[in-house]
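Undergrad: Chains as they are written, first to last, in my numbering: chain A, 7 to 137; chain B, 803 to 1428; chain C, 212 to 507; chain D, 2 to 118; chain E, 696 to 1054; chain F, 22 to 163.
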Ligand code: SF4
Ligand code: SF4
Ligand code: SF4
Ligand code: SF4
Ligand code: SF4
Ligand code: SF4
Ligand code: SF4
Ligand code: SF4
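Here's what the structure looks like:
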């Protein structure tokens, strides 16, 4: 009852068939609608409410509402989506493309315009990335 | 004076002198050194003189010497009986065996029933090669013995120091061996034959412990069976063939002399510890190591194969010869397999001795010129390398107090010189291009065209040997983390024996073609082994062996030292690892012994049984046919 | 059939040329074979696999690595392994004595075992004993092959074996099959990659080669290429009188080896030893017996 | 749908005499667990044919001891080592006692520390 | 002892996917003694319940281990739901079963691959994982993660699967099953597989029960026990029988898993047929008070979550007893007397997952 | 010498991870991602490895193991921290027995984010690591 032909069949037929390889990075990675890649901020929508930072279980997000700075440490983020759910103005979204590896753990910083009328505008209107 | 007479008689002088050197180490040393040099000169002189000759009767001896031999027989018989005095009554059959065989032989002798003969000494190249082995290897061992016995008694205070007796026995043994190889009369051979048995007994029982005595008596009774067969062979030859001249016997018609020759072969194989009689050789390992080196591997047991080799012209192309070859092959296989499960160095050597002797017997049984040449090579190389192995084990034992191979882990590291010597010895035993392997190659080539049974036997046995020798060798060269312990200071005069034999192991490889051309070819004819192509390749290999050590000198840069991989939990300083329960633990490694397949318990009985069956088969067959 | 006495008639020049060609070509061929092996293996596993030249990249990289050693000596045994493997190939392809070539290969093998013993690492040591078991399993058949070829062609010299006008395979099918069985052991392929394996997933980590790093490992790899070429040369001898067929068979046999590699888990040593010896006894020795009986 | 869970409070002296019949009755030891409240609560959980049975022992926070049940349930050795390493409960007679080196953590009894305010 | 080979096995060792250490004492290649050493993955995450709210603890629970992370979540969440008396919508329960069984498939195929690898069967390893990737695709499509899913939450699940997607996935699964069938055949029939696994690492029925084995390890020793028979969640509405083998060796343990994969395919089909439209979560108000031992069946066997709430958002105690923890004593018993070559096969045969054992 | 880029052999070690990243490392070897295309072999032996892939947040016991393995790797070598755990420890950094990140123990050359880090990220990280390896090699030769 024991044989080795079953395996031979599999092996030989794979020899004939196309490989199962997706050929990344020659071909781009394939994602699904739901794929959790990285958290993206739309600075224009953010109201610096800090809710996301409070909800984040890992402390990946830091928001400084006085300076108008929204920061994320991608190397801490576990892609749990909690921040996205907590963001009322829908400034956050989960993008499919994963965050890139890097030689140092840069914290990604976005300058956000402080929308409260009381505060005087400090930061330039557009967001800058430095990573 | 003739070299032959000199070689036979001279050893008696130091033997007697040594009896008076109790506890006088210096005297022992000088007597042994001087007489060894003389004996070596004698052997070489004889060999040189023999170049160009094939063989012939050297002497027509007077009846006086023959009568001396008869007297000697009586004395030996009495000594045997004297030894047996301490035996319990229920072992009555040991003295009985002595009485029967000597009774028969002496009865024939004194009653004048022995056929007349007058060519007592025969000298040919076979005897010369034996003489060379006895002389050179034997004397190196003898020198070694002096130093060894001194240290032996430093470590074993419980044993009374009778080392002078021991060394005297060594020279008595030389006397017997030379006599044996040069004699043409089978009664003479028988006389010397039994003296070697006696020497063996004295040496095995040396320590007088219970185990030693038991093993010594086991050796005696087993060897006496051979003696009995020998005696029967003599009687048969005298009665039926009407001659006790060995050369005459060998020249007679095959069918006529086959039975007495078979008896002689039986005796020879018994002495060569072939199965079913392998047991005594294992027991003999309790003797001080030099006796194992001398008697139980390089010379006395060779007397057994020598006899079979002598008889091989009769055996060639007979069924009996094939069966003898088969028994040799069986011993070869069994010995090699049994050695795998052993961890006592001397036992490994003993089993491998049985195995190699088996191989020689196999060659002798086949009896073609090519196999006989191979057999002679085997005798030479085996004697040198095996003697070297034994005495180095002896020295290691003296230095470290253990014969266990497991305790030799990292020996090269602790005792550099000893380690190198042992490695040379082991290489000599199985590694290309050293002697034993050349011979084995010769055997395979020689057997290849004969039939499909024998080459596989040699091949399988050889592979088994490879296994235990390599693992032993690996153990020697391992390098431990521990600080080396320097043991060398203990070793003195033994170095002569050790380096001498080590040198011989290597030199014999370089010069074997000359040995072949000068002494073997005249006797057995051309053999492809001595061709230039093979010789060149072998030399090339030898050179390559030396090459890597040279690269060591050249290439020492760029290496970075690390610790061995221990799954990531090294404890750096100690060479240990962090084990379970959070404690630092040292790892250890023990060789494989595969007792499941190769244990003594499983293999021995089967081997003994099958060899017995083969013997019985052979005798029945011959008797039915004749 | 008379005993073959070396008659010294072969041309020294041609021997030297053959040896030089072997020295240069064998590692190239061996490396390419191993590269092709990896690609075919990958395809069998539904993967794409590395480039054909990957083995060369690997070896060149290894030479650029730090030479980590456990002690002063252990690297040198690996070098000996390489030297003797090459030597055995030289004897073989120089047309020399087949037995001698095999013995040289055995010596090479002994050296690799010694290298492992020397390295003072438990995994390497166990690997060494396993390698010994592998040798114990494979050696008899190798030598028997030489004997069998001798019985058919009347010579142990490769130079004469290839001049034979009958095809050894026809007389020695059993020996041939047993040899291919043993080949798997010698090529260290699954199911017989007990002492060390090409991939890291083994109970002994890397077994024998655990402690070889950088250049030492590179020597080991190169020696393995030479060894592969030698073994395939041995296979070729069975068809020596029809060279094209010989080459095709060699390719076929290697493909079968790859297939076997991919459809088997690793054997335990007991099964290896038993099956290898049985193959040797039944197919190898049995074949010789038949030959012996039929020649009457 | 949730299963019914029966938990019996016992004392540590009773433990062995309670556990032994369970073993004879072919109950399986499911787990041993400890909880730190104002005292230590040790739960022994058993199961037979999906029927849950718990034994509960209350112990003081510090210096508590428990008899080992490894004589009955050998498999308890791991849990008992855990009790020792994480909660500082001394288990007497554990068949495989790692002596505080089960997890080999740096902190002592991390699960049984004075709660910071 | 000096006569025996003693080697450290792990923590770093190529056949061990995770760090665990054994002092192996050998004679030739026979294992005489094996002393385990754990703690290389002990993170102490149970104490995180004092720092993370009970809702965030779901995320922690799913990261106890990346192989059957979802079922960890389910176990924990069920405990909280019982303590808080939450009524979870039926659709959510079915989705949990769907993903749970899919986890089992992925986990078992992963195991089959690793087990093949442990005996040096590399190409089978590759092919098993090739099939497993198809399952992961379904996971990624439905939850967004390949191995960590973050799909369950207290009171329900986070993601829904639309009707069309579900139907398509079912078709995809048929294909997966077809591919799986081929490799399953190998695991059942192959010569070397049988050589390496049958009569290796035998755990008798008696010992399995006594030593408290769980999951496939227990079932392969002839004991019919499967925590899913408690009929928690939607299992109430699903028909199945635990799979049992009687040869008690590594081969049996593999066979149980091979067959359980088929069973899981079947359960998923039942799910698909029985699931109804509706809400996927209930609103959670208040904080947990009370205690519960929540038991669920993971691919590796029974896992237990003990939760004890005190009316705040932090739990008093969060405790996991994972299947591997229960299988370690039987493992030690299986190891005694085996060959060195069998050690990896036997260790893998209980499907050890050290990360959740040590937490 | 450009061969490092073509033949990076990796060593993988689980430094207290949840397995999620480890199985993704393995998955990268498997048919779908097949990193052997780049000559990558999972050696399992530090002495043969060029790239050290570590997952997990490193607990106190693993410190010595990781250091030991790192030391046994021959130069040049690259360390890749795989997953959020290995980069920072994310919430496990708050546990009493973890260090929170590989870089607390040995120098890390490349960080690969994600929980779990996808095989694609791992491939990118190794490729990035190779650039670093090349750099190191050059610096050494100078
Ligand atoms: S959502 Fe609005 S009210 Fe709430 S915290 Fe943010 S800014 Fe304040
Ligand atoms: S996905 Fe989760 S971990 Fe990442 S930033 Fe958002 S809340 Fe924090
Ligand atoms: S990203 Fe959203 S949740 Fe975060 S601070 Fe901005 S608006 Fe608030
Ligand atoms: S190559 Fe052949 S013929 Fe020439 S010398 Fe060598 S063995 Fe003799
Ligand atoms: S066995 Fe698996 S997990 Fe372990 S090192 Fe190899 S690939 Fe990684
Ligand atoms: S059983 Fe394994 S895979 Fe499943 S959640 Fe636990 S650790 Fe993860
Ligand atoms: S048993 Fe294994 S797989 Fe399951 S949670 Fe524990 S560690 Fe993970
Ligand atoms: S990063 Fe996430 S998936 Fe990776 S080991 Fe850590 S918890 Fe597991």
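Each residue gets a CB set at the ideal place from its N, CA and C atoms; glycine is no exception. Note that this is a predicted model, so its numbers are computed, not measured.
Apart from the five residues just before and just after residue 279 of chain C, which ones in its own chain have a Cβ nearer than 7 Å to its Cβ?
TA: Once the five neighbours on either side are set aside, the close Cβ partners of residue 279 of chain C are 424 and 425.
Undergrad: Are residue 1105 of chain B and residue 1175 of chain B close, meaning C-beta to C-beta below 8 Å?
TA: Taking 8 Å as the Cβ cut-off, residue 1105 of chain B and residue 1175 of chain B do not qualify as a contacting pair.
Undergrad: Going along the chain, which residues of its own chain have a beta-carbon closer than 7 Å to the beta-carbon of residue 1124 of chain B, five neighbours each way excluded?
TA: Excluding sequence neighbours, residue 1124 of chain B sits near 1167.
Undergrad: Is any non-hydrogen atom of ligand 3 found closer than 7 Å to the C-beta of residue 61 of chain D, if you look at the structure I gave you?
TA: Not under cutoff, so the answer is no.
Undergrad: On a Cα-Cα basis, can you pick out the residue from F:36, F:151 and F:143 that is closest to residue 85 of chain F?
TA: The residue with the shortest Cα to Cα distance from residue 85 of chain F is F:36.
Undergrad: Quick one, are the C-beta atoms of residue 761 of chain E and residue 41 of chain A less than 8 Å apart?
TA: In this structure, residue 41 of chain A does not lie closer than 8 Å to residue 761 of chain E by Cβ.
Undergrad: Verify the contact flag: residue 763 of chain E, CB atom, against every heavy atom of ligand 8, threshold strictly below 7 Å.
TA: No - ligand 8 has no heavy atom lying nearer than 7 Å to the Cβ of residue 763 of chain E.
Undergrad: Which term fits residue 962 of chain B, buried or exposed, when burial requires 16 or more other beta carbons within 10 angstroms of its beta carbon?
TA: Exposed, by the Cβ-count rule.
Undergrad: In terms of alpha-carbon separation, which member of B:1255, B:878, B:1234 and B:897 lies closest to residue 1339 of chain B?
TA: The shortest C-alpha separation from residue 1339 of chain B is found at B:1234.
Undergrad: Would you say the stretch 1004-1021 of chain E touches the stretch 116-136 of chain F, given that touching needs at least three Cβ pairs under 8 Å?
TA: At 8 Å Cβ cutoff, the stretches do not touch.
Undergrad: With respect to 7 Å, is the separation between the Cβ of residue 61 of chain A and the closest non-hydrogen atom of ligand 2 below this value?
TA: Flag set: Cβ of residue 61 of chain A near ligand 2.
Undergrad: Residues in the same chain with beta-carbon distance under 7 Å from residue 1275 of chain B, minus the five sequence neighbours each way, listed in chain order, please.
TA: Taken in chain order, the residues that qualify are 1225 and 1228.
Undergrad: For residue 58 of chain F, go through chain E and note every residue whose CB falls closer than 8 Å to its CB, in chain order.
TA: The contacting residues do not exist; residue 58 of chain F stays about 14 Å from chain E at best.
Undergrad: Quick check: the stretch 1302-1314 of chain B against the stretch 1143-1156 of chain B, are there 3 or more CB pairs under 8 Å?
TA: Output reads no: the stretch 1143-1156 of chain B does not touch the stretch 1302-1314 of chain B.
Undergrad: Near residue 1114 of chain B, which residues of its chain fall below 6 Å by C-beta distance, leaving aside the five closest residues on each side in sequence?
TA: Hits under 6 Å: 1166 and 1169.
Undergrad: Measure how close the beta-carbons of residue 82 of chain F and residue 704 of chain E come, nearest whole angstrom, since I'm counting them as under 8 Å.
TA: Between residue 704 of chain E and residue 82 of chain F the Cβ distance is about 16 Å, and since that is not below 8 Å, they are no contact.
Undergrad: Considering only residues of the same chain and omitting the five flanking positions on each side of residue 821 of chain B, which have a CB-CB separation below 8 Å?
TA: 966, 967 and 970, listed in sequence order.
Undergrad: What do you reckon, is the C-beta of residue 86 of chain A under 7 Å from a heavy atom of ligand 2?
TA: Correct: residue 86 of chain A has its Cβ closer than 7 Å to ligand 2.
Undergrad: Cβ of residue 138 of chain F within 7 Å of any heavy atom in ligand 8?
TA: Checking the Cβ of residue 138 of chain F against ligand 8 gives yes.
Undergrad: Give a single yes or no on whether residue 843 of chain E has its beta carbon closer than 7 Å to a heavy atom of ligand 8.
TA: Within the cutoff, so yes.
Undergrad: Which residue from B:994, B:955, B:1098 and B:1231 puts its Cα closest to that of residue 1018 of chain B?
TA: When only C-alpha atoms are compared, the closest one is B:1098.
Undergrad: Is residue 809 of chain E helix, strand or coil by DSSP?
TA: In this structure, residue 809 of chain E counts as helix in the three-state DSSP scheme.
Undergrad: Give the straight-line distance between the Cα atoms of residue 1258 of chain B and residue 1413 of chain B, rounded to the nearest whole angstrom.
TA: Those two C-alpha atoms are separated by around 18 Å.
Undergrad: Going by Cα to Cα distance, which pick from E:918, E:876 and E:970 is closest to residue 902 of chain E?
TA: Nearest of E:918, E:876 and E:970 to residue 902 of chain E, Cα basis: E:918.
Undergrad: Using only the alpha-carbon positions, how far apart do residue 1409 of chain B and residue 1266 of chain B sit?
TA: Rounded to the nearest angstrom, the two C-alpha atoms are 16 Å apart.
Undergrad: Let me see if you follow: with CB-CB separation under 8 Å, is residue 401 of chain C close to chain E or not?
TA: Judged by the 8 Å Cβ criterion, residue 401 of chain C is in contact with chain E.
Undergrad: Check whether the Cβ of residue 53 of chain A lies closer than 8 Å to any Cβ atom in chain E.
TA: For residue 53 of chain A, the answer is no, since every Cβ of chain E falls outside 8 Å of its Cβ.
Undergrad: Counting along the chain, where does the beta strand (DSSP E) carrying residue 99 of chain A start and finish?
TA: It spans 98-101 - the beta strand (DSSP E) in which residue 99 of chain A sits, taken as one unbroken run.
Undergrad: Using a threshold of 7 Å, is the CB atom of residue 109 of chain F nearer than that to any non-hydrogen atom of ligand 8?
TA: The answer is no for residue 109 of chain F.
Undergrad: On the three-pair Cβ rule with 8 Å, is the stretch 717-736 of chain E touching the stretch 809-818 of chain E?
TA: Output reads no: the stretch 809-818 of chain E does not touch the stretch 717-736 of chain E.
Undergrad: In chain order, what residues of the same chain have a beta carbon less than 6 Å from the beta carbon of residue 982 of chain E, not counting five sequence neighbours either side?
TA: Contacts found: 1006, 1007 and 1008.
Undergrad: Identify, in the order they occur along the chain, each residue of the same chain with its Cβ nearer than 8 Å to the Cβ of residue 103 of chain D, setting aside the five sequence neighbours on each side.
TA: Hits under 8 Å: 79, 82, 83, 85 and 86.
Undergrad: Taking only beta-carbon positions, decide if residue 136 of chain F is within less than 8 Å of chain A.
TA: Residue 136 of chain F counts as touching chain A.
Undergrad: Starting from residue 68 of chain D, trace the alpha helix (DSSP H) both ways and give me its first and last residue.
TA: First-last for residue 68 of chain D: 66-68, but that is the beta strand (DSSP E), not the alpha helix (DSSP H).
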